[in-house]
Amino acid sequence: MPVGRIRADPADGTIRRETLKLQRSQDPMSTTESNGALLSLRGISKRFGPVQALSDVTLDIPSGQVTALCGDNGAGKSVTIKTIAGLWQADGGEMLWEGRAIRHNGPREAEALGIKTIYQDLALCDNLDIVQNMFLGHERLEHRLLDEDAMETAARQTLKELRVTTVRSIRLPVSSLSGGQRQSVAVAKAVMANAKLVIMDEPTAALGVTQTRMVLDLIKRLAAGGVAVMLVSHNLNDIFEVADRLAIMYLGRLVVQGPAAQFTPQTTVEYMTTGTSRQMAGTA
Amino acid sequence: MTTEQTEVAPEESIDSTLTETELATAAPEVLATSLGDYLQAWWRRIKSGESGAVPIIAGLIAIIIFFQIERSAFLTNQNLVNLFEEAALYVVVGAAETFVLLLSEIDLSIGYGVGIGGFVIAELIAPPVNFPWWLGIIGGVVAVGFLGFVQGTLITQLGLPSFIVTLGGQLGLLGIMLELANVDPTAVGGAIQVAPTSPIYKLVNSNMSPSLGWIALAACLAVFAAVKLARQRSRRARGLHTQPIGVTLLTLASVTVAGVLLVYVCNSNRSALAVVRGMPWVIPFVLVIILAYSWLLSRTRTGRYIYAVGNNPEAARRAGIKVNRIVTFAFVMSGATAALGGAIYVSTQGSMATDIDGGGLVLFAVAAAVIGGTTLFGGRGRMVNALLGGVIIAVVYNGLALMGVQAAVQDMATALVLIAAVALDAVVRRRSSTR
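Listed in order, the protein sequences are those of chains A and B. What the first sequence shows, in this note's numbering, is residues 1 to 284, in sequence order. What the second sequence shows, in this note's numbering, is residues 1001 to 1435, in sequence order.
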C-alpha cells in the first residue's frame, strides 16, 4: 500500500508519495544508527491469514534510550512488541540482538536474552508481597529453602536504585499498592531479572496525574541506567516527556523513526493518522 | 496463631513523606515500630476486615462460652480431649482440601480418599500382610496420592473442571474402596479389624505419658523460640527491619500459654473410674502434619508457586512457573493427606469398614478449610485455618451433642456456621477489592 495514498490533499498526492518513498529507502537515520543498537529489526513482516499485520518493519532500539513506538489503533504496535517478545514468529525479515541475528522460539528465549515485556495487566500476583513478586519464578534459595532475607535485601537495593520511594514497606502485598506503584514493581521485577530491553505497553494508560509522573520518572531512570526502553503509548505528552527516539507506525508499516527532537506533537499526529507529514517530508 | 501474622515485618521508611493514597492503602501493620504501634495497627486491621484469623478465633471463643454456659461439662478436660480427637479428622481432611482450594480448585473425592487410605493401611498392617505401621501409612499415602495424581492429570492435561473430575472421582473412589473390600478375604462383611496392639490403633486410643508430654512441649517451645530469635538476629545483621521485640515476646508468651494449657488439659486425669492421663498420640500427629504443611507453603518454592498460581495463573505462567505441575501436585497432596486422615479414621473406629460416609466427610473438609478462613477463590488461606476450622466444627457438634440436641439440628447449626464463614470471606473480598 503506497504510503501517501490517503493523503487528504489530492493535488500534491503524487509528489508526496514519491518524496516519502525516497525518504523511506534512503532514510539516513535508520541505517546509520543501526550500528550499536541493542536490537534491530530488519524488514520484519507478519501475516495473519489474509491480514498483513506487519510489512517491512525496520526499527532500531539503542541501549540507554527510551524509544517510543506510537501509532493509531491497529497500526501494528502490539504485533511488533509481541514479535520482539517472542510470542509470535516473524514471517520475514531478521532481528539483530547486539549485532547477531536471532530467532527466538517463545517468550522464554526472549527473556533469556534479556528482553522483558511489561504488558498492561502487569502480571503481578495480588496476594504476594513486593519482594515475592519481584522474585517470582527466580526465587533465591538457601539449602533448597526460600532465602527471604537475601531476596528482601536485593529487592530493596533494586528499588533504591530505581528510587521507588513511595512504598512504605516492601513486605506489603501488591493488592494494597496504587497503580503507579504496581507499575514500579513490574519494572523493578524486570530490572531484577537483568533485563537489557524493557518493553512497556501503555504503562500510564490507567493512571492519574501523580502516578503518571512517578512512572515517567521511573522510565527515565531506567534508561539512564543503561537499559533500552521501548515505550508503547498513545499519549503524546508522555512520549515527548520521556522519549529519546520516536518510531511511528501506520497500517503495519514503520513510517518514520528518529530522535525525538526532530518531531513535534503536530508532525507526530500527522504521521500517526496519515502515515506521512507535510512538514517532515519537506525537511527530509 | 499470631506467629505468622507478625512475620510481616515493618520496613523502615525510605522517604518520610507519604501521599494520600499511600496512607489509605498501606496495611497499618507494617507501619509499626513499637509494640504499642503494633497493637494499634493490628486493631485497625481487624476493623478494616483484613485481620486474618482474629474474627475466627473470636467466634470460636464465643461458641465455647455459649456451650459452657449451657452445659458446665463442656470445658472439662475429659470432654476437651474427646473434642480434640473428634477434631483430628476434620483438621486433616481440611488441610487436604486447603491445597486445592488455594488454587481455586476443589477436590470432592477426599472422603473416599480417606476410605481407600484407611483400607490400604488396615489391609497392610493386618494379617496376612503384617507390615509395620509406618509402611502401612506409606502404602496408603502412595495409593491415594496416586489417585490424586490421576485426577490432577485429567484436570490439567484435558483442561477439565476439577468439580466434575473429582465428583466422578468421588464415585470412582467409592467403587475402588468397595472393590478393595470385596477382593480381600480378610475383610469379613466389608470390615477389617485392626489389632489393639498396633500403633495405628493406639493413635487415638493411647496416650503419651504425662512427663513425655511436658518434655515434648518444652522442647518444641525451646526450638520455636530459638528459631524465631535467630531469624530476628540474622535479619538485624543484614540491616533488614525486624519486628518490635515486644511483639516477639508477646508471640512467644501466647504460644507458651496455649501449649501449657493443651498439655495441662491432656495430662489431668479424665476418668472417674480409672486414671487416664496424657496426650493422645493423634494430637501431635495432627500438629506435625499442620506444621509440616505450613512450612511447605511458606518456606519452599513450591509453596510460593501454589499461592502465585492460585491468585494469577497467567502471571505465574509468564514467570516461568509450570502451572500444570503445581495443580497436579496439589491434587497429589490432597490425596496423600486424605490417606493420613484414613489412618486417624481407622484408629478411631478400631477397624475399617465400607460404611464410611465419604460424601459427608468431604463436606467437612471444605467446611473446615473455609470456616477457618481459606477462601474458595484461590490464593488466600493457610494450614492453620484448617486447624481452626476443624476445631470449630468439632466444638459445634460436641457442644450440641452435650446439650442433647438432635442430629438434624446439629447439622443445621453447622450449616449456619459454614454460611457465616463464607459470608465473612465474601465481605472481606469485597472490601479489599473496592479499595
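Built from N, CA and C at the ideal position, the CB exists for glycine as well. The structure presented is a predicted model; accordingly, all values stated were derived computationally and were not measured.
In chain order, 1097 place their CB closer than 6 Å to the CB of residue 1366 of chain B, counting only its own chain and leaving out the 5 sequence neighbours on each side. Residue burial annotation: residue 1060 of chain B is buried, with at least 16 other C-beta atoms found within 10 angstroms of its C-beta.
Around the beta-carbon of residue 1273 of chain B, fewer than 16 other beta-carbon atoms lie within 10 Å, marking it exposed. Residue contact with chain B for residue 114 of chain A: absent (no Cβ-Cβ distance below 7 Å to any residue of chain B). Residue B/1340 holds the alpha-carbon nearest to the alpha-carbon of residue 1119 of chain B among B/1206, B/1254, B/1340. Close to residue 152 of chain A, with beta-carbon spacing below 7 Å, are these residues of chain B in chain order: 1240. Residues of chain B whose Cβ lies closer than 7 Å to the Cβ of residue 137 of chain A are, in chain order, 1319, 1320, 1321. When the Cα atoms are used, residue 74 of chain A and residue 52 of chain A turn out to be separated by approximately 11 Å. Non-local beta-carbon contacts of residue 123 of chain A in its own chain, meaning distances under 8 Å to residues more than five positions away in sequence, involve 186 in chain order. Closer than 7 Å at the C-beta level to chain A, one finds these residues of the segment 1290–1308 of chain B: 1299, 1300, 1301, 1304, 1307, 1308. For residue 1208 of chain B against residue 1115 of chain B, the beta-carbon gap comes to about 28 Å, at or over 8 Å, which does not count as contact. Listed along the chain, the chain B residues whose CB falls inside 8 Å of the CB of residue 149 of chain A are 1234, 1235, 1238, 1240.
Contact of residue 1380 of chain B with chain A is assigned, a C-beta pair being separated by under 7 Å. Residue state for residue 46 of chain A is assigned as strand, using DSSP reduced to three classes. At a cut-off of 7 Å, the C-beta of residue 1312 of chain B has a neighbouring C-beta in chain A. The alpha-carbon separation between residue 1221 of chain B and residue 1257 of chain B amounts to approximately 10 Å. Residue 1083 of chain B sits in a helix when the DSSP states are folded into three classes. Per DSSP, reduced to three states, the secondary structure at residue 163 of chain A is coil, with no helix or strand assignment.
With contacts defined by Cβ atoms closer than 7 Å, residue 211 of chain A and residue 252 of chain A do not form a contacting pair. The beta carbon of residue 1315 of chain B sits closer than 7 Å to some beta carbon of chain A. Residue 250 of chain A is bridged by DSSP to A/253.
For residue 1362 of chain B, the enclosing alpha helix (DSSP H) stretches over residues 1358–1371. The segment 1324–1341 of chain B makes contact with the segment 1135–1153 of chain B, as at least three CB pairs between them are under 8 Å. The three-state reading of DSSP puts residue 149 of chain A in helix, counting H, G and I together. The beta carbon of residue 1356 of chain B is closer than 6 Å to those of 1115 in its chain, skipping five residues each way along the sequence.
The Cβ atoms of residue 1263 of chain B and residue 1217 of chain B sit closer than 7 Å to each other. With respect to chain B, the C-beta atom of residue 217 of chain A has no partner C-beta closer than 7 Å.
Between the beta-carbon of residue 1312 of chain B and that of residue 125 of chain A there is about 5 Å, and that keeps the pair under the 8 Å contact cut. Taking one beta carbon from each stretch, the segment 1293–1309 of chain B and the segment 1372–1386 of chain B have 3 or more pairs nearer than 8 Å; the two touch. At a cut-off of 4 residues, the continuous stretches assigned as alpha helix (DSSP H) that sit fully inside the segment 1096–1183 of chain B are 1110–1125, 1133–1157, 1162–1183. At a C-beta separation below 9 Å, residue 70 of chain A has no neighbours in chain B, since its nearest C-beta there lies roughly 25 Å away.
C-alpha of residue 1400 of chain B to C-alpha of residue 1186 of chain B: approximately 38 Å in a straight line. About 7 Å separates the CB atoms of residue 1392 of chain B and residue 1063 of chain B; that is less than 8 Å, so the two are in contact.
Within chain B, no C-beta atom comes less than 9 Å from the C-beta of residue 56 of chain A; the nearest is roughly 30 Å away. In the three-state scheme derived from DSSP, where H, G and I count as helix and E and B as strand, residue 1266 of chain B is classed as helix. At a C-beta separation below 9 Å, residue 132 of chain A has these neighbours in chain B: 1304, 1307, 1308.
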